[in-house]
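Participant: Position in the sequence shown (first residue = 1) + 3 = our numbering.
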Amino acid sequence: MRRNVLLVIFLCLLAFNIGFGINIRRNQEKLDDFFRIMELVKAVYVEEKSDDELINLAMKGMVSGLDPYSHLFIGIEAGAVAEGFSRDKTYNEGVGISIGFFSDSIIVTEAFEGYSASNAGVKVGDRITKVDGKLVRGLTLGQVAGLIRGKEGTAVLIEFEDSHSKKTNTFSLVRQRIKVNSVVYKDLEGDNVYIKIRSFNSETKGEFFSSLLTAKSRSGLIIDIRDNMGGDLDTVVAMLGYILGPDKLVINTKGRASNDEFRTEKSASIPLEHPKKIVVLVNKMSASASEIMAGTLKHYKLATIIGTQTFGKGVAQFVINPDSSNKPPNESPRLLLVITSARYYLPDGSDINSIGISPDIEVNQADDFKGYEYLTAKDAQFQAALEFLRKNN
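1) Are the Cβ atoms of residue 320 and residue 344 separated by less than 8 Å?
2) On a CA-only basis, which of 353, 190, 396 and 179 is nearest residue 280? Give me that one, please.
3) Distance check for residue 267 and residue 247, CA to CA, integer angstroms please.
4) Please report how far the alpha carbon of residue 165 lies from the alpha carbon of residue 181, in whole angstroms.
5) Which full runs of the alpha helix (DSSP H) of 4+ residues lie inside the region 57-130, going along the chain?
6) Bridge partners of residue 175, per DSSP?
7) Is the Cβ of residue 287 closer than 8 Å to any Cβ of chain D?
8) Checking 8 Å against the spacing of the C-beta atoms, do residue 308 and residue 362 come in under that value?
9) Please name the residue, chosen from 189, 322, 278 and 155, that lies closest to residue 234 on a Cα-to-Cα basis.
10) Quick check: what's the CA-CA separation for residue 298 versus residue 277?
11) Can you give, in chain order, each stretch of the beta strand (DSSP E) that sits fully within the region 333-381 and has at least 3 residues?
12) From this set, 354, 352 and 385, which residue's C-alpha is nearest residue 368's C-alpha?
13) Is residue 225 closer than 8 Å to residue 200 when the C-beta atoms are compared?
14) Which of the three DSSP states, helix, strand or coil, is assigned to residue 264?
15) Let me know the secondary structure DSSP gives residue 28 once reduced to three states.
16) Buried or exposed for residue 262, please, with buried defined as at least 16 other CB atoms from any protein chain shown within 10 angstroms of its CB.
17) Assess, as a yes-or-no matter, whether the region 191-207 is touched by the region 166-175 under the definition of 3 or more beta carbon pairs within less than 8 Å.
18) Would you call the CB atoms of residue 44 and residue 57 closer than 8 Å?
19) Mapping the DSSP letters down to three states, classify residue 10 as helix, strand or coil.
20) Just to confirm before moving on: does the CB-CB distance between residue 338 and residue 79 stay below 8 Å?
21) Roughly how many angstroms separate the alpha carbons of residue 370 and residue 360, rounded to a whole number?
22) On the CB-based measure, 16 or more other CB atoms within 10 Å of its CB, does residue 380 come out buried or exposed?
23) In angstroms, rounded to a whole number, what distance separates the CA positions of residue 295 and residue 254?
24) Just tell me which of 315, 231 and 241 has its CA closest to the CA of residue 283.
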């Protein structure tokens, strides 16, 4: 096995050598360093570790050290993540929450009404600390999602840390088959409507199109992308076309291989008729495609942004199965690489990565605001949007 390991690492170092001009002798020194450290870890570390475990840790560390968004998934975890990318996002089996990975913690980004987690009082911003008694610190998002998902009707024990009080609560939650609409439409007071966009997936474009058609004769529109961590780039570009019109620049992407422009379609059928006054609600959990939507509408002066500074994820990524050529098409991958391939820039050239989108009107929620209080009198951002539309319609 050591010979195979040596060959794999040598090939990696050789590729590194070609790209960055490090000589063969330097590669050999680093290769020797690697094995010395591996042997020391095996000899001294408090727990016994196999060669496989240590090599997997080394590969994962190489990728995760690049930036906060690049990850390597191995084995069962790779299969679970690949399934998450490929499966129908309209339905899933779980407890009715979406989760995200922020600042080394697994955070609830949405709790769907009417399902077991929301019914128990779980809310957006709560931190997951244990699943079935297992600490999640150090686990990846895919690993935690795999622990939570399971057969419909079975129960899972999850410990949450309250985002405000920091107290922990443990709930036994029954897994359910969950219908997830990516767009939610509501009529509001006066002549206003509300569209919540949960994510940007294959269903979102059509749902948003239908919602805009329903809203076309109304005067005010609130688009809520709070707690929306993003999704498919082509989807958000198409959705923006319904408001911007044809052949409008949305973003530029710049990578090592190429620079690309993403523009709305060259179609006479857009823009759609839509309310003239648009407010976009954002918060610190609005990321990636959400920031593209908010930033682009702000640039073209077609919407007023209300809320707080957004997350600041301005990168595009590739999802790669490194050994796909050696696997049957329906077999789960052994490895799955999610890696940053480009940075994106808004139409004015601004880079939002690690910065985010600044709102036109900054509104913070009260310290005691609860995630399930969205769209109520306690939702200061929503109330500010309503007040803005009252004054400007």
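Backbone N, C-alpha and C define an ideal beta-carbon position, used for all residues, glycine too.
Facilitator: So, from the data block:
1) yes
2) 396
3) 8 Å
4) 24 Å
5) 79-89 and 119-123
6) 160
7) Here there is only one protein chain, and chain D is not present.
8) yes
9) 322
10) 19 Å
11) 338-348
12) 385
13) no
14) strand
15) helix
16) exposed
17) no
18) yes
19) Residue confidence for residue 10 is low, a pLDDT of 48 falling below 50, so the modelled location carries little weight and cannot support an answer.
20) no
21) 22 Å
22) exposed
23) 8 Å
24) 231
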